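What follows is a short report on a single structure.
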Amino acid sequence: MGDSFTLKIDGIVGYVSDPGLDEKVHSLQHQGRLEILLIQPQDVARHRLRAVTDKGTECQIIIPREQRLGDGAILLLNSERAVVVRITEQRWLRLLPLTSSDALGLGYFCGNLHWRVRFEADTILVALEGPEEDYLARLSAFIETGRVRRILSE
């Protein structure tokens with residue numbers, strides 16, 4: 007724990023929700039031997055990644071293409087410790103286009119910038135993968151003209 011070497015991870019052992027594995031991880035957690043590796047939502051699809059656990063262990067992750075990182079993925083499980091992935095919460099920018107034409111324009115704009123989006127009723131949600139101010143600056147032509155309104159999250 008907190009070792010100065012790099013832990014090489016070459017696959018996912020399973021998930022904390024898997025029967026049998028859940029009890030082992032829980033036991034190690036009570037012994038203070040559970041390490042959490044926080045990963046940003048945009049890094050979930052990556053198969054090569056370097057990150058540091060909450061206890062300071064540097065991890066070099068190289069997993070097969072058929073595996074995918076996810077919340078609760080167990081990267082290491084032995085009698086000494088467990089390393090489990092936790093995904094940080096995705097932040098979203100909520101945008102409400104004034105008209106359907108504005109919605110098409112906004113969708114086209116977001117697509118050209120390769121922004122990840124979701125749709126909820128009349129709103130377009132843009133996944134924030136950087137400072138919110140950067141996104142608002144890029145969207146200023148839409149917002150300042152009233153074609154799009156920013157909706158503050160509840």
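Numbers 7 to 160, taken from my numbering, label the letters of the sequence shown in order. Yeah, the Cβ is synthetic: ideal placement off N, Cα and C, and Gly gets one too. On a predicted model such as this, the values are computed, not experimentally measured, just so you know.
- Burial is judged here by how many other beta carbons sit within 10 angstroms of a residue's own beta carbon; Y141 has at least 16 and is buried.
- Residue ranges of uninterrupted beta strand (DSSP E) with 3 or more members, entirely inside the stretch 19–79 and ordered along the chain, are 40–45, 54–58, 64–68.
- Counting only unbroken stretches of 4 or more residues, no alpha helix (DSSP H) element lies wholly within the stretch 110–138.
- Excluding residues up to 5 positions away in sequence, W98, L99, L101, C116, W121, V123, Y141 lie with their Cβ nearer than 7 Å to the Cβ of V132 in the same chain.
- Check the Cα spacing between L158 and each of L40, R144, E138: the tightest is with E138.
- Within the same chain, and ignoring the five residues on either side of Y21 in sequence, the residues whose Cβ sits closer than 8 Å to its Cβ are L27, G76, G78, A79, I80.
- Distance check between E41 and each of E150, T94, V58, D16 places V58 closest, using alpha-carbon atoms only.
- The criterion of a C-beta distance shorter than 9 Å is satisfied by I68 and K14.
- Within the model, the alpha-carbon separation for F148 versus L104 is close to 10 Å.
- Distances from the CA of G17 to each of A109, L83, E135 were compared; the closest alpha carbon is that of L83.
- Of the other Cβ atoms in all chains shown, 16 or more fall within 10 Å of the Cβ of L34; this residue is therefore buried.
- Linking T63 to V90 through their CA atoms gives a straight-line distance of about 12 Å.
- Exclusion of the five residues before and after A109 leaves P103 as the residues of its chain whose Cβ lies within less than 6 Å of its Cβ.
- Pairing H36 with A88, the inter-Cα distance amounts to about 12 Å.
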